[in-house]
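Asks:
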Amino acid sequence: MGQIGSIAATMGKMSLNYSESLLKDVKADRAGRLGVAGGTAVDSNHPVFVLGHLSLYASNILELVGKPKGTTARPAGWEELFKAGVKCEDDPTGKKYPALETVTKFYFDAYRTAIAAVKETEDSVFAKPNPAGGRFTEMFPTVGDAVMFLLCGHPMSHLGQFSAWRRIEGLPSAN
2 MGQIGSIAAT MGKMSLNYSE SLLKDVKADR AGRLGVAGGT AVDSNHPVFV LGHLSLYASN
62 ILELVGKPKG TTARPAGWEE LFKAGVKCED DPTGKKYPAL ETVTKFYFDA YRTAIAAVKE
122 TEDSVFAKPN PAGGRFTEMF PTVGDAVMFL LCGHPMSHLG QFSAWRRIEG LPSAN
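Position one of the sequence shown corresponds to residue 2 (the working numbering), numbered consecutively onward.
(1) Under a three-way DSSP split, which group does A59 fall into?
(2) When the Cα atoms are used, what is the spatial distance from I62 to V148?
(3) Whether or not the stretch 43-56 and the stretch 70-83 are in contact is what I'm after, with contact meaning three or more pairs of Cβ atoms, one per stretch, closer than 8 angstroms; do they touch?
(4) Answer with buried or exposed for V49, where buried requires no fewer than 16 other C-beta atoms within 10 angstroms of its C-beta.
(5) Compare the Cα-Cα distances from I169 to each of L35, T103, K28 and report the closest residue.
(6) Please report the Cβ distance between L65 and V144, rounded to the nearest whole angstrom; I am assuming they are in contact, meaning their Cβ atoms lie under 8 angstroms.
(7) Could you check where the alpha helix (DSSP H) with R183 kicks off and where it finishes?
(8) What three-state label does DSSP hand A38 in the structure shown?
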């Protein structure tokens, strides 16, 4: 285990802890719905969409650090629902998206697996060039850059969307 992996794992745990606090008081029957303020649906990313989207990236982290995907492999059909660029939709019947419980279990299990793998990764791995290619490599040229983004920056930006959804729904600030 190196220092970089330990630091990255600590930051990744912060993202997970924030996720847990955001879930407080969220009702399963509202978790797949657009936020509603004053009787009007607000174009927003709901909890099921946010956590489903983030859950896709744990396997990328493992791939970047040279570990097998194992239990972080994406469930069938989730790529089409949650990949980058897909619009979050209101799910009044609960049939478009998986249930909140299903999404949160996979999200937390997958990220805990990724965090454990990152923590055990040697520093030399993080210095390697990011093999993803394209814009992702332009923005994050090393494995370390990419892993830090996927464990910290990416989750926190989307968890901000979750936080905004909470406030639209009239829920208090997550602590």
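All residues carry an ideal CB built from backbone N, CA and C; glycine is no exception.
Replies: Taking the coordinates as given:
(1) helix
(2) 6 angstroms
(3) yes
(4) buried
(5) L35
(6) 5 angstroms
(7) Residue 183 lies beyond the stretch modelled for the chain, which goes from 2 to 176, so this question has no answer here.
(8) strand
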